[in-house]
Amino acid sequence: MRILFRYALMRFIVGFAQVLGVFTTMFFILDGAEQVRRFSHAPYADWQGVLQVLVLRIPIFLVQLLPPIVLLTTLLVLSRLARHNEITVMRAGGISIYRVLLPFLVGGGLVAAIQFLIQDQIVPRANQASYRLSQAMEGRETDISLTRDAQDFWLWDGNRVIHAEQVSAQHHVLFGVTVLQFDDRFHLIRRLDARRAERCTEGWKLIQGVAYDFLDSSAPHPFQQRSWDVALEIEQLDRNTPSPDALSVRRLWVMAERLEREGYDATLYRLVLQRKIANPFAALAAILLAFPFALRMHRLGGTTRSLTAGILAGFIMFITADMTMALGEGGRLPPLVAAWSPVVLFASLGVFMLMHLEEEARV
192 MRILFRYALM
202 RFIVGFAQVL
212 GVFTTMFFIL
222 DGAEQVRRFS
232 HAPYADWQGV
242 LQVLVLRIPI
252 FLVQLLPPIV
262 LLTTLLVLSR
272 LARHNEITVM
282 RAGGISIYRV
292 LLPFLVGGGL
302 VAAIQFLIQD
312 QIVPRANQAS
322 YRLSQAMEGR
332 ETDISLTRDA
342 QDFWLWDGNR
352 VIHAEQVSAQ
362 HHVLFGVTVL
372 QFDDRFHLIR
382 RLDARRAERC
392 TEGWKLIQGV
402 AYDFLDSSAP
412 HPFQQRSWDV
422 ALEIEQLDRN
432 TPSPDALSVR
442 RLWVMAERLE
452 REGYDATLYR
462 LVLQRKIANP
472 FAALAAILLA
482 FPFALRMHRL
492 GGTTRSLTAG
502 ILAGFIMFIT
512 ADMTMALGEG
522 GRLPPLVAAW
532 SPVVLFASLG
542 VFMLMHLEEE
552 ARV
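In the numbering used here, the protein residues as written are 192 to 554.
Shown next, in the form of structure tokens:
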């Protein structure tokens, strides 16, 4: 059984490398032509820069197309095995379909792990580098300064609303600060006005302001300096929210928590977070879907029909995933459902067909 496992796994790996090579070649040809057209009139573009942009786009290409590549690999490998009657010999030797499936799932698991690492660690860095290089070749500003002053800073901190007329992220200072504190019934109970707020080693402090306590009296209480207990991190001073696709899973989680804590809508960040977690499992779902398709269709009409049906199923899977993501972005579906429903749906369909195929084999 170990020999059979290694043999099937090696066939999957070799087939995956072949299909990946074909897709990568097509990517270089098609996307290369697009990048040449895009930078044909760029003032600072050269062939080296265009080639670098093309290479930096490979990670996002791999992440998007690995599930279809895995599906096509499974179809091709199983079709070859069936064409040479190797599947028939395995079944005649008492080997169940599930044991034949196991090496493919292990290979798919390796691909899924690699996909997760690429999309979590490499894709964000590659996207940023590609963006900066593209902007430089087009003669545009290559970076957005994280220290640029911002105006009209708003923050929701528990039962307090915080407003600053201007923020200097570089110096960790807020100017024209107003703090409104409410009780559980949303009645105003305290107000603080300060000329500025500064971040120091002990935390935040308010400087040159007036305090109003509406529970005791509305009389003003001026102060020169007082400590300020607020859950405000330095990163929150930057109002330029990054693109979700440029963040890792950990940073997506942190950004979503921060936006929700501040009272903003974090649906898009939650959706991309769930999608990045679900994407690797799409490769396993593709194997579960392709496996019974390849075996059943080969019986009915040969390799061509098997490949055609499997590719059509993969196309439907791709369209369904895009549709649920669009519904999630529009708020029609929760992020968890939008990201995971295509994976669960097609994996369940594959398992159902596989169980039905095994029952037919027993009969």
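Every residue gets a Cβ at the ideal spot worked out from N, C-alpha and C, and that includes glycine. Just so you know, these numbers come straight off a predicted model, no measurement behind them.
Nearest C-alpha to L257 among L211, S539, T216: L211.
Using a 10 angstroms sphere on the CB of S532, the tally of other CB atoms reaches 16 or more, which defines it as buried. For the 8 Å CB-CB criterion, F218 and I260 do not form a contact. A direct Cα-to-Cα measurement between A538 and E453 gives close to 38 Å.
Secondary structure note for L383: its beta strand (DSSP E) is the uninterrupted segment 379–391.
Per DSSP, reduced to three states, the secondary structure at G206 is helical. With a threshold of 16 other beta carbon atoms within 10 Å, I353 meets it and is buried. The beta carbons of L479 and G541 sit closer together than 8 Å. According to the DSSP assignment, F366 belongs to the beta strand (DSSP E) that extends over 364–373. In terms of Cβ geometry, I468 and V440 form a close pair [threshold 8 Å]. DSSP places S359 inside the beta strand (DSSP E), whose first and last residues are 351–359. Within its own chain, the residues whose Cβ lies closer than 8 Å to the Cβ of Q465, once the five positions on either side in sequence are excluded, are P526, L527, A529, A530, W531, listed in chain order. Excluding five sequence positions before and after T369, the CB atoms of its chain that fall closer than 6 Å to its own CB belong to H354, D384, given in chain order. I204 and N318 have their C-alpha atoms roughly 28 Å apart. Around the beta-carbon of M328, 16 or more other beta-carbon atoms lie within 10 Å, marking it buried.
In its chain, beyond the 5 residues on either side, V314 have a beta carbon closer than 6 Å to the beta carbon of I251.
Of all C-beta pairs linking the segment 286–299 to the segment 236–255, fewer than three are shorter than 8 Å, placing the two stretches out of contact.
The three-state secondary structure of H232, taken from DSSP, is coil. Excluding its 5 nearest sequence neighbours in each direction, D222 has C-beta neighbours in its own chain below 8 Å: L245, R248, F252, listed in chain order.
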